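Take a look at the structure set out below.
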Amino acid sequence: MTLLLTHPTSISLLNLPKPFPSSIQPNSLALPSRFPSSATPQVVASANGHIYLYSSSRSSASHVIWEYDGKGRRISEISLPGETINKVLPINMPHSHSQRVIVSLEGTKELRIYEKEKSEGKWRCMDTLQGPDSRVTALVGNIDSSLIVAGSDSGELVVYDLVNGDRTVVSLGGGHEEPISPLLTFCPSLPSTLLLPTPSALLRLTIPSPPSASSVDMCEIPIKGSVLDITFSPMVESADGSKKGGLCAVLKERGEVALIGIDSESSPKVISFGQNLEGITFLDGATLAGRTEEGSLLVKDLRSLSKGPVPISCDQPITSIRLLSSSTRSRPRPRPSLAPSAASSTSTSRRLPLSEKQSENVPTVPSVPDPQVTLKTDHKRKAVIEEKTDLHQTKAPIRAKPRPSARVEETIDRSEIAPGTGTASIPAASSTSGKEAFETRHKDRRVSAPILVPQERITQPRASGSSSRSASGPAPPKNDFKSRLEAISTASKTKPPHASSREGMDDRPLDAPSKAVSSGRDGTKSTTNVHELQRSHTPHTHFVETLEEVPEEKDDVVVEHEAEDEGRDRGETDIQLGWALKSPLRIHGGDGDQIRGGLDKNDKRLSEAEMIEELRRELGNMHLNMLRMGRNLKKEIRNAVGPLEKELKQNREVIETQRREIERLRRGY
Numbered sequence: 001m002t003l004l005l006t007h008p009t010s011i012s013l014l015n016l017p018k019p020f021p022s023s024i025q026p027n028s029l030a031l032p033s034r035f036p037s038s039a040t041p042q043v044v045a046s047a048n049g050h051i052y053l054y055s056s057s058r059s060s061a062s063h064v065i066w067e068y069d070g071k072g073r074r075i076s077e078i079s080l081p082g083e084t085i086n087k088v089l090p091i092n093m094p095h096s097h098s099q100r101v102i103v104s105l106e107g108t109k110e111l112r113i114y115e116k117e118k119s120e121g122k123w124r125c126m127d128t129l130q131g132p133d134s135r136v137t138a139l140v141g142n143i144d145s146s147l148i149v150a151g152s153d154s155g156e157l158v159v160y161d162l163v164n165g166d167r168t169v170v171s172l173g174g175g176h177e178e179p180i181s182p183l184l185t186f187c188p189s190l191p192s193t194l195l196l197p198t199p200s201a202l203l204r205l206t207i208p209s210p211p212s213a214s215s216v217d218m219c220e221i222p223i224k225g226s227v228l229d230i231t232f233s234p235m236v237e238s239a240d241g242s243k244k245g246g247l248c249a250v251l252k253e254r255g256e257v258a259l260i261g262i263d264s265e266s267s268p269k270v271i272s273f274g275q276n277l278e279g280i281t282f283l284d285g286a287t288l289a290g291r292t293e294e295g296s297l298l299v300k301d302l303r304s305l306s307k308g309p310v311p312i313s314c315d316q317p318i319t320s321i322r323l324l325s326s327s328t329r330s331r332p333r334p335r336p337s338l339a340p341s342a343a344s345s346t347s348t349s350r351r352l353p354l355s356e357k358q359s360e361n362v363p364t365v366p367s368v369p370d371p372q373v374t375l376k377t378d379h380k381r382k383a384v385i386e387e388k389t390d391l392h393q394t395k396a397p398i399r400a401k402p403r404p405s406a407r408v409e410e411t412i413d414r415s416e417i418a419p420g421t422g423t424a425s426i427p428a429a430s431s432t433s434g435k436e437a438f439e440t441r442h443k444d445r446r447v448s449a450p451i452l453v454p455q456e457r458i459t460q461p462r463a464s465g466s467s468s469r470s471a472s473g474p475a476p477p478k479n480d481f482k483s484r485l486e487a488i489s490t491a492s493k494t495k496p497p498h499a500s501s502r503e504g505m506d507d508r509p510l511d512a513p514s515k516a517v518s519s520g521r522d523g524t525k526s527t528t529n530v531h532e533l534q535r536s537h538t539p540h541t542h543f544v545e546t547l548e549e550v551p552e553e554k555d556d557v558v559v560e561h562e563a564e565d566e567g568r569d570r571g572e573t574d575i576q577l578g579w580a581l582k583s584p585l586r587i588h589g590g591d592g593d594q595i596r597g598g599l600d601k602n603d604k605r606l607s608e609a610e611m612i613e614e615l616r617r618e619l620g621n622m623h624l625n626m627l628r629m630g631r632n633l634k635k636e637i638r639n640a641v642g643p644l645e646k647e648l649k650q651n652r653e654v655i656e657t658q659r660r661e662i663e664r665l666r667r668g669y
């Protein structure tokens with residue numbers, strides 16, 4: 001609980017803990033420099049916890065009212081030059097968010113209503129009420145400030161209905177001309193009931209609605225002796241919506257306190273603090289604090305009346321005690337943050353839609369492709385090929401490393417290849433001649449062996465707009481395959497003049513391995529260079545360039561080009577040989593220089609395993625692409641929803657503020 005304490009020359013705030021300590025050290029608030037040093041501060045507190053400080057002594061600063069918030073920070077002031085402030089009353093308007101106060105000035109017969117502008121934070125006079133004819137001695141309002149009562153030193157009691165704008169002078173009857181006591185107060189549980197102490201009794205006044213001077217209900221509460229102070233317990237709302245509280249405590253002489261139920265006809269119950277008191281205040285619904293003449297506190301628990309009060313001393317004498325509203329003592333709720341925290345990663349935390357942890361949104365680093373082998377650096381290419389061959393042998397020990405004699409495979413008679421299976425059958429007579437031809441020409445031209453490159457390193461040829469041929473076309477008739485290969489070998493013997501001239505003008509070193517094709521009719525070999533095909537047939541350059549990316553399919557691509565070129569020279573129609581791009585079954589070399597042809601069962605099973613592995617890799621790549629697309633889509637959605645999330649957050653804060661205000665107004669303070 002937070003208490004506002006007034007001292008002879010200062011004011012302070014105190015957070016009183018439980019159990020109650022024996023001594024307290026409140027936090028003093030800094031008074032303005034213009035406040036008179038010798039004047040006793042006068043303070044009032046509003047329902048929202050704001051504190052209004054002023055001085056009623058006739059001094060140079062008696063025309064200023066300073067406003068403090070619930071934390072003791074000075075935020076504004078009301079300056080009335082040339083005037084002297086007498087009384088200040090904050091107005092608690094339930095359906096208005098503006099701050100208003102009623103000020104009674106000395107020497108005037110009016111009450112001014114000041115309102116604080118939200119935009120500039122300045123106060124302005126919005127209305128003026130006609131006050132009593134004499135000096136105001138009491139100025140109070142009910143819990144919702146719908147009724148304001150002002151009493152004068154001439155015994156005049158004026159009731160103001162701020163809702164309807166009515167002003168009513170209440171007559172106490174019997175020629176009552178004594179000043180109205182400053183202890184005049186409204187009962188919080190009965191908004192239209194007043195308690196007015198008189199020298200002889202305690203009067204209860206019930207004001208009708210609308211107020212009428214002739215219909216005020218007045219009765220006397222049986223309290224003997226003079227009344228020193230009156231206080232009410234705070235109103236508390238229960239779970240079912242009903243309000244409880246409003247117990248009245250009346251301080252009498254010699255420290256006696258009478259507990260009265262205003263809304264019931266029960267008789268007062270008298271308790272004693274054991275010593276003289278100057279004032280009393282309810283700390284909560286069952287704790288009553290009394291202020292002694294020495295300026296200390298005595299706290300008594302009404303639930304255990306047999307126990308004596310607990311004394312609490314203070315370093316400065318206390319002249320008044322006020323309990324600040326509970327709505328201001330609760331600290332403001334911290335604003336929610338979108339930054340990830342340790343608590344947000346637990347299983348019990350709420351997870352908003354379209355929001356994920358940062359650790360789940362780390363972009364996948366794309367795999368760096370291996371450097372492609374080019375035809376311009378033959379010696380580097382051979383080293384890379386050998387390294388990849390060794391790596392492939394380590395991964396797949398079933399494959400044997402090709403022998404140097406395997407280069408003679410390039411001289412195999414293509415006319416003996418079966419069109420359906422792609423299997424080569426080598427006659428015994430041509431084997432010896434092929435070996436001799438290779439030994440005589442290996443110094444001038446080196447023929448590369450078939451490269452065993454892992455399937456994951458093979459890059460598929462890209463589609464090119466310059467070629468309209470299909471990658472996989474219908475297989476040609478079996479009867480024409482042998483004749484086409486014969487035409488290829490014949491065309492390779494009689495090269496066009498322009499091709500020979502270009503070959504003679506080219507001084508560059510041979511970058512690509514030649515392809516030797518043998519004819520079955522004469523047993524001689526003829527070679528065609530890949531670069532010659534590239535220079536003479538530009539429409540098919542794309543497939544020649546991709547030969548270095550698909551080393552296993554070089555022979556078939558060259559055969560396709562040569563067959564197409566020969567067909568054009570003879571005026572034949574363009575025949576699709578895309579089926580030849582399929583990888584033939586590998587032919588392994590045996591021990592020594594002997595060449596073993598035919599199809600092996602192990603090779604067939606291996607090829608099927610490679611095809612299955614390739615399909616698995618394709619599926620894996622497709623799955624990764626789908627994951628990347630989903631992650632990018634989520635990022636785009638978050639970027640689009642980000643401003644909406646901020647707007648929703650602001651709307652939640654506004655709704656929460658409105659809910660608190662509605663709850664405060666429903667409770668009535």
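Going by full-length UniProt numbering, the sequence shown opens with residue 1, and the numbers climb by one from there. In this text, a Cβ means the ideal position worked out from N, Cα and C, and glycines have one as well. Note that the structure is a prediction, hence the values are computed from the model and not measured.
How many whole angstroms separate the CB atoms of residue i and residue j, which I take to be in contact at a CB cut-off of 8 Å?
i	j	result
residue 254	residue 276	6 Å
residue 16	residue 3	6 Å
residue 285	residue 225	Incorrect: roughly 26 Å between the Cβ atoms, too far for contact.
residue 112	residue 64	About 14 Å; that fails the 8 Å criterion.
residue 257	residue 288	7 Å
residue 317	residue 7	6 Å
residue 321	residue 24	Contact doesn't hold; Cβ gap of about 12 Å is too wide.
Shortest alpha-carbon distance to residue i belongs to which of the options?
i	options	result
residue 122	109, 99 and 160	99
residue 55	82, 47, 66 and 48	66
residue 307	293, 274 and 316	274
residue 186	198, 178 and 207	207
residue 127	41, 103, 136 and 138	103
residue 295	655, 280 and 118	280
residue 172	165, 145, 195 and 120	195
residue 20	615, 627, 648 and 299	299
residue 283	22, 297 and 44	297
residue 232	312, 267 and 143	143
residue 41	609, 620, 614 and 319	319
residue 215	190, 38 and 168	168
residue 200	213, 178 and 643	178
residue 665	268, 252 and 237	237
residue 1	125, 234, 10 and 44	234
residue 130	149, 615, 145 and 260	149
residue 52	59, 134 and 75	75
Does the Cβ of residue i have 16 or more other Cβ atoms within 10 Å, making it buried, or fewer, making it exposed?
i	result
residue 88	buried
residue 12	buried
residue 219	exposed
residue 617	exposed
residue 249	buried
residue 70	buried
residue 193	buried
residue 639	exposed
residue 623	exposed
Can you tell me whether DSSP reads residue i as helix, strand or coil?
i	result
residue 135	coil
residue 181	coil
residue 25	coil
residue 6	strand
residue 140	strand
residue 44	strand
residue 13	strand
residue 666	helix
residue 220	strand
residue 1	coil
residue 261	coil
residue 204	strand
residue 649	helix
residue 124	strand
residue 661	helix
residue 593	In this prediction, residue 593 scores a pLDDT of 43, lower than 50, which makes its location untrustworthy; the coordinate-derived value is nonetheless stated afterwards. In the structure shown, residue 593 sits in coil (DSSP, three-state: anything other than H, G, I, E or B).
Could you name each continuous beta strand (DSSP E) segment of 3 residues or more that falls completely within the stretch 222 to 249, going from the start of the chain to the end? 229 to 232
Inside the stretch 290 to 332 only - beta strand (DSSP E) runs reaching at least 3 residues: 297 to 301, 310 to 314 and 320 to 323
Could you give the uninterrupted runs of the beta strand (DSSP E) lying entirely in the stretch 59 to 122, keeping only those of 3 residues or more? 64 to 68, 74 to 79, 85 to 91, 100 to 105 and 110 to 116
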